[in-house]
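> After the structure tokens below, expect a handful of questions from me.
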Amino acid sequence: MFEARLVQGSLMKKFMEAIKDLVKEANWDCTGTGISLQAMDTSHVSLVSLLLRSDGFDPYRCDRNISLGINMESMAKIMKCASNDDVITIRSEDHPDNVTFVFESPNQEKVCDYEMKLMDIDSEHLGIPDTEYDAIISMPASEFQRICRDLSNIGDSVKITCNKDGVQFSAQGDTGIGKIALKQNAVIDKEDGQVSIELNDPVSLTFALRYLTFFTKATPLASTVTLSVSAKNPVAVEYRVDDIGYIRYYLAPKIEE
Amino acid sequence: LPEQDRLDQYFIKC
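Residue numbers (this note's numbering), protein chains in the order written: chain A, 137 to 393; chain B, -8 to 5.
What follows is the structure in structure tokens.
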């Protein structure tokens, strides 16, 4: 059988919120390592990849590798039934037709049990090649969310330009142009609230704000976000989640005419 | 506006 008990159940709610608007259905792959998911949005423009390591659960039991084919909207609805301080357990058999979510209140006075039908999802797995990035930008996740929100008022896409002076986000539309420049706060300092840039080569790429805004749904999961950019390659947007794993998003650049 | 590229061509199908 498979059983994974997450004491900080709110994390599962937050992971769900971070993917449900992007991905319609996906396989949650459960192995001894943990729970992972990789899925593209329906237009194949962006990809989400997440890992919840087994040591983040207490206990974690996976007798046989299984894939739980899940409709995200249905799971998100069930996750909304869990309170923020609930302990969440995910449970299924070795050849499952259903998955069970159990929500326990902290004092165990209330136990909710939701069983959900699984789907047979034929998903293709993509291998993500190791990339030498031109620039790796770390910044407060809330700052990146704010930038995406503000520039969405100006245009549909954002140009990210990174050089020795810092990083600039700019958008243009019918009403005009918006530019937001961030300087490094300190050299190689990745403390919360800091902007840090590892620069190999100056780089400038344009991305759809619609998708970056979807990615910022992961903001409640982490204090820091890392943007890894490289000329003519997809950007990797990573939120590392303390003690359990990560969620990463990839988005292909817009092709300059 | 520039065209949006699909991801498939960057990543390898396993």
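By construction, the Cβ of each residue, glycine as well, lies at the ideal position given by its N, Cα and C atoms. This structure is a prediction, so every number in the text was calculated from the model and none was measured.
Please return the same chain residues whose Cβ sits closer than 6 Å to the Cβ of ASN321 (chain A), not counting the five positions on each side in sequence.
The answer, listed in chain order, is GLN330 and VAL331.
> Which residues bound the alpha helix (DSSP H) around TYR347 (chain A)?
From DSSP, the alpha helix (DSSP H) with TYR347 (chain A) extends over 345 to 351.
> Output needed for THR167 (chain A): all residues of its chain with C-beta closer than 7 Å, excluding positions within five of it in sequence on either side, in chain order.
Closer than 7 Å at the Cβ level, and outside the excluded window around THR167 (chain A), lie CYS198 and ASN201.
> Counting only Cβ pairs nearer than 7 Å, list the residues of chain B close to GLY381 (chain A).
Result: empty, since nearest Cβ-Cβ is about 20 Å, beyond 7 Å.
> How would you write the range of the beta strand (DSSP E) that GLN281 (chain A) sits in, first residue to last?
No beta strand (DSSP E) holds GLN281 (chain A); the alpha helix (DSSP H) holding it covers 277 to 288.
> Report the three-state DSSP secondary structure of GLY411 (chain A) (helix, strand or coil).
What the structure shows of chain A is the stretch from 137 to 393, and residue 411 (chain A) is not part of that stretch, so it cannot be assessed.
> Within 8 Å, do at least three Cβ pairs link the region 352 to 366 of chain A to the region 274 to 290 of chain A?
yes
> So within the region 198 to 231 of chain A, which uninterrupted beta strand (DSSP E) runs reach at least 3 residues, ignoring any that extend past its ends?
202 to 207 and 223 to 228
> Given this structure, state the Cα-to-Cα distance separating TRP164 (chain A) from PRO232 (chain A), to the nearest angstrom.
12 Å
> What does the Cβ neighbour count give for ASP270 (chain A), buried or exposed, with the cut at 16 atoms within 10 Å?
Buried.
> Could you please give me the residues that DSSP links to ASN321 (chain A) through a beta bridge?
Beta-bridge pairing links ASN321 (chain A) to no other residue.
> Name, in chain order, the residues that DSSP records as bridge partners for CYS166 (chain A).
Beta-bridge pairing by DSSP links CYS166 (chain A) to A:ILE171 and A:ILE202.
> When burial is assigned at 16 or more other CB atoms within 10 Å of the CB, is ARG285 (chain A) buried or exposed?
Exposed.
> Are the CB atoms of LYS156 (chain A) and GLU209 (chain A) nearer to each other than 8 Å?
yes
> Span of the beta strand (DSSP E) holding GLU252 (chain A)?
A small correction: the amino acid at residue 252 (chain A) is Met; Glu does not occupy that position in the sequence shown. Where MET252 (chain A) is concerned, the enclosing beta strand (DSSP E) stretches over 247 to 253.
> Could you please give me the residues that DSSP links to TYR386 (chain A) through a beta bridge?
A:LEU183 and A:ALA372
> Restricting to Cα atoms, I'd like to know which of A:GLY263, A:VAL223, A:ILE257 and A:LYS295 is closest to CYS5 (chain B).
A:GLY263
> Which term fits PHE0 (chain B), buried or exposed, when burial requires 16 or more other beta carbons within 10 angstroms of its beta carbon?
Residue identity check: residue 0 (chain B) is Gln in the sequence provided, not Phe. GLN0 (chain B) comes out exposed.
> Is LEU(-8) (chain B) close to chain A? Criterion is C-beta to C-beta, closer than 8 Å.
Reliability fails at LEU(-8) (chain B), whose pLDDT of 44 lies under 50, so the model's placement of it is uncertain and the value that follows must be treated cautiously. It does; some Cβ of chain A falls within 8 Å.
> Taking 8 Å as the CB-CB limit, is TYR386 (chain A) close to chain B?
Judged by the 8 Å Cβ criterion, TYR386 (chain A) is in contact with chain B.
> Indicate whether ASP221 (chain A) and VAL238 (chain A) have their beta-carbon atoms separated by less than 8 Å.
no
> Grouping DSSP H, G and I as helix and E and B as strand, with all else coil, what is ILE155 (chain A)?
helix
> What is the rounded straight-line gap between the Cα of PRO356 (chain A) and the Cα of GLY291 (chain A)?
25 Å
> In angstroms, rounded to a whole number, what distance separates the CA positions of VAL377 (chain A) and GLY309 (chain A)?
35 Å
> Checking 8 Å against the spacing of the C-beta atoms, do PHE351 (chain A) and PRO389 (chain A) come in under that value?
no
> Which residues in the same chain as ASP191 (chain A) place their Cβ atom closer than 6 Å to its Cβ, once the five residues preceding and following it in sequence are excluded?
none
> To the nearest angstrom, how far is the alpha carbon of VAL294 (chain A) from that of PHE305 (chain A)?
6 Å
> For a test of the three-state rule: what should DSSP assign to LYS315 (chain A), helix, strand or coil?
strand
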